[in-house]
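Mapping of the sequence shown onto numbering that gives the first Met the number 0: position 168 corresponds to residue 167, and the numbering continues sequentially without gaps. Comments concern the structure below.
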Amino acid sequence: MNERDHEYEEALRMKSFLELENAKFKNQLETLTRELEGMDITISSAERYIASYEGQNNESINNIENLKKLKETRISEIDELHLSIKSVKEDKEASLKLNETLKDELSDIIDEKSSVMKKVDAIQNEIDKIIRDKEIKFPNLKWYSVALKKVHKEFVDTQNRMEVAIMFRKR
């Protein structure tokens, strides 16, 4: 065999080796191309997800800010309600005290009225007695007239004392 044949065989082997290597690299290139296409799809999906997430994140941040504002408004409203409740409680307590005071004053006035009415009845009885006596004892008319004036004066004094007592109780 001569050197040329040997070179030819060597060239054929080299050609065969290079064709195998070329086919292997083509397969690797196709595999890598498919992987790159898959990565492009994954990157595109990731970019869409990131954009969607950023939109949702911005919306969530806006919602949180709106909720903070709403929270502040509600806290302010609750504070106003607490003040109103406190005012109503104070008004209720004052009304109850006033009611008790008015009941006590009414009781005092009723007692005073009863006392005055007893005095008025006593005075009326005395007047009736004097009138009867006057009719019976007409000659002593002057004395009865003086007694009647005294009774009348006592009646007016009692009435004035009652009015003063009522005025003092109102204070």
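Don't be surprised by glycine CBs; every beta carbon is placed ideally from N, CA and C. Since the model is a prediction, treat every value here as computed from it, not as a measurement.
Contacting residues, own chain, Cβ-Cβ under 8 Å from E153 (five flanking each side not counted): I122
Within 8 Å, do at least three Cβ pairs link the region 148-167 to the region 95-112? yes
L147 and I135: beta carbons closer than 8 Å? no
Please classify N1: does DSSP put it in a helix, a strand, or coil? coil
Round the Cβ separation of E111 and M161 to the nearest angstrom and send it over; I've been treating them as touching at under 8 Å. 6 Å
Quick one: what's got a C-beta closer than 8 Å to K169's C-beta in the same chain, skipping five residues either side? E104
Look at the alpha carbon of E92 and the alpha carbon of K102, and state the distance between them as a whole number of angstroms. 15 Å
Alpha carbon to alpha carbon, how far is N1 from E20? 28 Å
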